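Notes follow the structure.
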Amino acid sequence: MLGGIGAATVLGASLRPTASATATRPLQRALVGCTRYRVLEIYLAGGLSHRETLWIESPDANLRWRDLSGIDSSSWNLAVAPPMVSDMAAWTTPFVGGVRFGPAASAIEGHPVLQRTRLVATRHDLEPHIAAGALTLGGLPIGRTRNAGLGAVIQRRYGSASDPVSFVIAPRAERTYTSFMANPGVHGSAHRPVVIRLETSLQADLLRAHQPAAHLPEIDALHSFYRDRHDTRMIYPGGGPARSEGYEAYAAAMARLMRAPALSARLAAGPSLTNLPSLPGSESSVGRAIQIGSYLLSTGARYAGVVDEGVVEIYDTHYDNYGDLRRHALAHNGNLFHVLLAIRNEVDAGVLNLDETMVIVRSEFGRYWSGQPNPNGTNHWPAGYCTLLIGGPIEAPGLAGSLQDAGDDAADDLVAIGGPSGKGFSPTDLRAATLLAAGIDPFDPDCLWVNETTWQAPGDPPLDPAIARQGIATDVLGVGPTALQTLCPNDVDPADAMENA
Amino acid sequence: MTPSCVRLTAALSLLLAGCSAVIPPNDAGEDAWVIDTLRVLHGRPPRSAGEVAALVRLARYNGKAAVVDLLLEDVELVDHWSDVLTDDLGVARYGADRMNPSCYDAPLLAPVEQLLLADHLRSAAVDQPFCLPPVLGEPGDGDGQSTERRAGAPWTPDELAALGATPPPSERALAEKVASAQAAERALDGPLRAPVDPAQWRDRRSPDPSRRVGARELAHAPGARSAHEMTAIDEAAPDLPPDPVVVLSAADDPELYRVCPPFNMTDAISAGILGKSLWVAWRAQLAPDQIFVGGFSNEYPERAAARFWLNTLGRDSGCLPCHTSTYSTTEARPRNQEWDRFFPPTGPAGSLVDIEGAALTVHDAAGIDYGGFGETYFDLLSFFRDDVRSNPAPGLRPWGMASACVSSPPYSGFVTGLPAGNGPAAFGEMADVNSRDALYIMNRFPEFIDGFSFVTSPLAAYTPGSGAPATGANVYNDVCAGCHAAPPSFPLAPDLADIVPWMSDRKLRRVIEHGSMSMEVPLNANQAPLSGAEVDDLIAYLRDPAFGGMPFEGPSPYANAEDGVGHLIALQIVNRVVEDIQGQPLVLSHGFPRSAEAAVALDLLVRVFVESGWSLQSLLRWIVLTDMFNRAAPAETATAASGPLAYELPMLAHPWAADPPGTPPATGRDHNGTGDLVHRSNVSAMIRHVHEALGWPEAMPVSPGVASNTAFPWADLQRDLGRPDSFEATTGLPTMELANLLQWERAVGTCNKPARVRGVDVALALAPNAVVDAAGNVNNPEHWIDWVDALVAATPPGTARDVARAIKSRLLAEPGLSSDEEALYAALWGLPDLDAPASAVDEAAMRRACGVLLMSPDFLLRRMPAPVAGPPTPMAWEVCLEPECTEAAFCASYVPRLRELGYDRDCSNNVSEPGDEDDPPE
């Protein structure tokens, strides 16, 4: 397994030097010495319920789950429906360690995708969507200066303002999670991922069809003049550029605008950019977004983020789920089914290469069985939920930590255990693991600090980052010390790696 | 073509008035200040270099304050800021959830009538319709004061006196009042003195992260009252007496309708600006907020409450259940190991505003049990009552407000007995109005936010309860210890030491009785609910130090709940205005400043605002006259020797730049600089800006036809520029990214007026052949004439250079062209150079150049100030939509108003020639 990184991005001009604290590094030229996986991040906005999408074998677990037998698969609105069965064993897909996947996993049952899936027991203690979403997609809680979307970190490492290697594919109207996913944070506005909203006008806008094509070079030359003129006002006579998030954002956007036709041509060769309602098969909105993300990754992008608001129904359903189990189960299994099916389809089509790309499927928290605040609602549950890692360094099915029943009927739900703290893995741990897989040192000064991960126990002496890196690789990604060396643990610059080779 | 669009002018009075004046170090100069001030106050670029020159010279002779006072008195300020404040109020203008567009469309009243409306909204009960005084006479009787709209019509002191309106005080008078009040306050000493030094904030913070609020000494101030007492005070307030329902429509009573004309929210917002009492706009907005529910009808009260929290108080209801003063977004808990960023918002007397919302203690009126969510938020569900939805009686239109403002198209008819589509809904009869309804709050509004005197109440303090702690210990061991004993055994059970000190008794009681996000009550099916006495005992136990309990140490609420609400609303308005101007807010959600410096600035600005009677003008005046407003670009004033430190600015725009205390500061990271202030204008300003620059019809406050992507400004443009698009005021990405520029280029990239730009009388004046459709839309792009058309036909013939300079002067107030620039224009136009005749530049070519300028940083951003221009050279043409646009003409137009404002201005020596160096008088 090797993360071939060969394809260069299409876009190409440089931009004024960033004012960020760390200089932008050059685009990776070749894979030498270690592996830098691309990342496809799929965010299930609103909290996926793992109560119905997972099955943990125990005598009294998920009793209510059995009511699923009455589900009509046609309601899933799929071309490939899960089989109709009447007992739990048939409804579920065996995984490892006493864990079975729920009906959603029928999309990948027997498929290599399942064989390269790792379940990570995840946990934090933030219940509001906004705070939990910012933590999950930002890697750190709101208010930390280094809270930033994964795409920005990767963009800064591998791209430049006019060389977008990070993309966020978002539903037309979604705001909040798209903002988190595209948040540049301390990495600077110039490194904001390109946000692609699926709408019919996008291609024409990217082509700049409203400008006379014959004059575009001269138009852009004049654009550049005024931008460059402004640049000169931003420079300290004795130093570098003045920090300016607002101007960096403008300058990056302008650089990308001038390259937009190239991006358009690149996208035109891929899936349609038209957003879709729920349609059979992978032709769902999230399926289309995953298609586009996979395609971009196959053409040189290093990060693609997808926000999924749900296909069958939204994830954040506080109403009527408890009383109408089928609706709740349908929504969450149906939504996850669409996601997994799209991944499978892209793998089968040879677009999504799991040898090069790690897929991370996550939400801001789980949901639990309890009537709160409405008698039939299901509420947020950050104490125990799962993150799926697929492909990349994951070569075999596995579990990182586990979910256990809390054992209290009134709070009958799953609690994450395992990991260094015994309490499962935090979203910050997962950020560290993803950065490691992406070939970025998670403990870069602008990324994470060791004591923000669970490997650093409170009150203990500061932990050697190398030990934490090893723990991340072993515990979260499930790779051994040898494999860790293939993950560019010390963030070896590609140029250096080439020289060393 | 329109003759006034292009005038031939010989020289260059209009150019920048020289650069010889002495300016403070690092000041960007008067010309930059004028351009920026016009953008802030009127939302537009200069109309010509002549306007800049006239204002620069006014600043030199009479001071910058004279320029500000002049601009503040112009109706342009009202038009622009009405639009901006509509966004600040969270009005959804497009998309499926848009609020009733008619309520936010063109104003229904003339400015003088809006001033009267301000008086009415300030003083009258909601059941008293707004009626015009008899002096207004009959429509069209020639007195100029009919009920017909008179766009831009000024008022005279005599008119105001005749109408009985309260003339707004001049900004000078307000500024003096504010300064006086602040001087008096500075003379105060003791705990009521407000912090004015950032260091004081740090001094007040405990080194113990879990005890950082540091309000203990304030909480025990003499005369403090408990939260229980506050609640009792609130509940003892008398209900409003029953009153007859007021129903107004033209069909019901034409005569009454004429004399008492309906008004919409655009009128109310304008009234708030004109009357220098901005709170009246927020007061009026409660009506459409209450009726506009969006979403599912069974979520009506929740959504109405959410709007109130988010838009009026700046709190996000989605976060509120957890992120109270107990669990702050700035992490008062020890969770944040990086840096304490906890800066509680201040009250005017240095007190703390209780983020838990004890300021609003209307709860459980409808007997609804909302379980364990944060109490205050759900208290508001009863504040926005559900029961009025089923009231079959016709509703009330507060103050006779237009029915469009109190009806909700998706749900019309669901509340009242009126026919669908005609329902002024959701308020119910006055008989139902009581102290738990939003109408009650409206009636009390003047009392608690009209001035400062009410916001000085003593602070509340913890008052020991009546329970028995020893008995409470048993309750604790039986019920609580199973999860909460240290270390907590249940995953979401917090250590009580982390939370009890920050929970008021009321909050404790609420959680114990109803649970919380993490704790259900009862804990299991076999547990009987705790009795009231048991709860008392348990609280006493949790509080009693003798039993290891923890007294309340959280922020202290106002003793007078309404004072607190008033202060929070003022804080919210100030923060939004500051964000509009500097591109970054001063506070996080919930009113927490983002830095010590922001805390001080916010405290100061809220005082300025409230002391002036909630005058937007006073707030703006203060901001544009600060030194921070007009800093020069680094390249202009920094030297290698002085380095970046020459640009130290307070951490108001980008507070996250700093490293944590104890960390060696990196260069440029421990302060803000000029670059941190560069930002894209807000969406309303951008749209107004381009309308103004291109001479398009006046941008409308909101266009009913813009829900789709077929009309300008189309929905995606508004979304991508960050305009609120849903009832929850969810914005787009209010930054600048590829999507913004793609939409912007589609909209203005060639300076072609998009189809269906909608306008008012200006459009008709400039385009006599325009067609107005049945909906009132000017929709005739073929016949549209703008100044580019006019420039094509300008005579006598000039050169291509003249064309380029005219375009650039109009859009950037910068008529000069460098040699590099000339070459680029020539290439763009396919010419060897710009000496070619102007006729070689066709309309399409002009529009290409125009489009580039509209996307330049100088147009699109509140940009880094430009260097001072070199000596001016004569211009052949000037684009001018006014009859005159020379410096002299502008100056002459200012004189009458300046005299009213007390400034003596003589324009006789105003026509400057190249090389003229008028220095200001000594």
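In order, the protein sequence lines correspond to chains C and F.
Numbers 0 to 500, taken from numbering that gives the first Met the number 0, label the letters of the first sequence in order.
Numbers 0 to 921, taken from numbering that gives the first Met the number 0, label the letters of the second sequence in order.
Note that beta-carbon positions come from the ideal geometry of N, C-alpha and C, so glycine has one too.
Please read all numbers here as calculations on a predicted model, not as lab measurements.
| query | result |
| --- | --- |
| One or two residues paired with residue 165/C in a DSSP bridge | 302/C |
| Bridge partner(s) assigned by DSSP for residue 414/C | 403/C |
| Closest Cα partner of residue 548/F within the set 504/F, 499/F and 173/F | 499/F |
| At least three beta-carbon pairs within less than 8 Å, the region 457 to 468 of chain C to the region 150 to 163 of chain C | no |
| Interface flag, residue 248/C vs chain F, CB-CB below 7 Å | yes |
| Cβ-based contacts, 8 Å cut-off: residues of the region 207 to 224 of chain C near chain F | 207, 209, 210, 211, 214, 217, 218, 220, 221, 222 and 224 |
| Reference residue 48/C, options 339/C, 363/C, 358/C and 331/C, closest by Cα | 331/C |
| Exposed unless 16 or more other CB atoms sit within 10 angstroms - verdict on residue 167/F | buried |
| 8 Å contact criterion, which residue 737/F and residue 252/C should meet: CB distance rounded | 5 Å |
| Burial state of residue 476/F (16 or more Cβ within 10 Å) | exposed |
| 7 Å Cβ cutoff, residue 243/C in contact with chain F | yes |
| Beta carbon proximity, residue 430/C to chain F, threshold 7 Å | no |
| Chain C contact for residue 734/F (CB, 7 Å cutoff) | yes |
| 9 Å Cβ cut-off: residues of chain F touching residue 504/C | What is shown of chain C runs 0 to 500, which leaves residue 504/C out entirely. |
| Same chain only: Cβ atoms within 7 Å of residue 835/F, ignoring 5 sequence neighbours per side | 798 and 799 |
| For residue 338/C and residue 59/C, the rounded distance between their alpha carbons | Reliability fails at residue 59/C, whose pLDDT of 48 lies under 50, so the model's placement of it is uncertain and the value that follows must be treated cautiously. Their Cα atoms are separated by approximately 29 Å. |
| Inter-residue Cα distance where the pair is residue 197/C and residue 268/C | 16 Å |
| Given 8 Å, three or more beta-carbon pairs between the region 255 to 266 of chain C and the region 199 to 207 of chain C | yes |
| CB contact flag (residue 152/C, residue 194/C, <7 Å) | no |
| Boundaries of the alpha helix (DSSP H) in which residue 473/F is found, first to last residue | 468 to 474 |
| Residue 129/F: first and last residue of the uninterrupted beta strand (DSSP E) it sits in | Run containing residue 129/F: none; DSSP gives neither H nor E here. |
| Residues bridged to residue 195/C [DSSP beta-bridge criterion] | 168/C |
| Helix, strand or coil at residue 422/C [DSSP, three-state] | strand |
| Residue(s) in a DSSP beta bridge with residue 357/C | 38/C and 390/C |
| Candidates 716/F, 846/F and 651/F, of which the one nearest residue 828/F by Cα | 846/F |
| Near-chain C residues of the region 590 to 620 of chain F - C-beta to any C-beta below 7 Å | none |
| Chain F residues whose Cβ lies nearer than 7 Å to that of residue 503/C | Because chain C spans 0 through 500 in this model, residue 503/C falls outside it and cannot be assessed. |
| Of the residues 686/F, 695/F, 693/F and 631/F, the one placed nearest residue 674/F, counting alpha carbons only | 631/F |
| is_contact[residue 288/C, chain F] using C-beta, thresh 7 Å | no |
| Closer than 7 Å to chain F by CB, residue 231/C | yes |
| Pair within 7 Å by beta-carbon distance, residue 99/C and residue 422/C | no |
| Cβ-Cβ distance between residue 399/C and residue 474/C below 7 Å | yes |
| Straight-line Cα distance separating residue 446/C from residue 592/F | 25 Å |
| Where the region 181 to 199 of chain C meets chain F: residues whose CB sits under 8 Å from a CB there | 181, 185, 188, 191, 193, 194, 196 and 198 |
| Nearest-angstrom Cβ-Cβ length linking residue 679/F and residue 734/F, presumed shorter than 8 Å | 7 Å |
| Member of 387/C, 453/C, 222/C and 469/C whose CA lies at the smallest distance from the CA of residue 94/C | 387/C |
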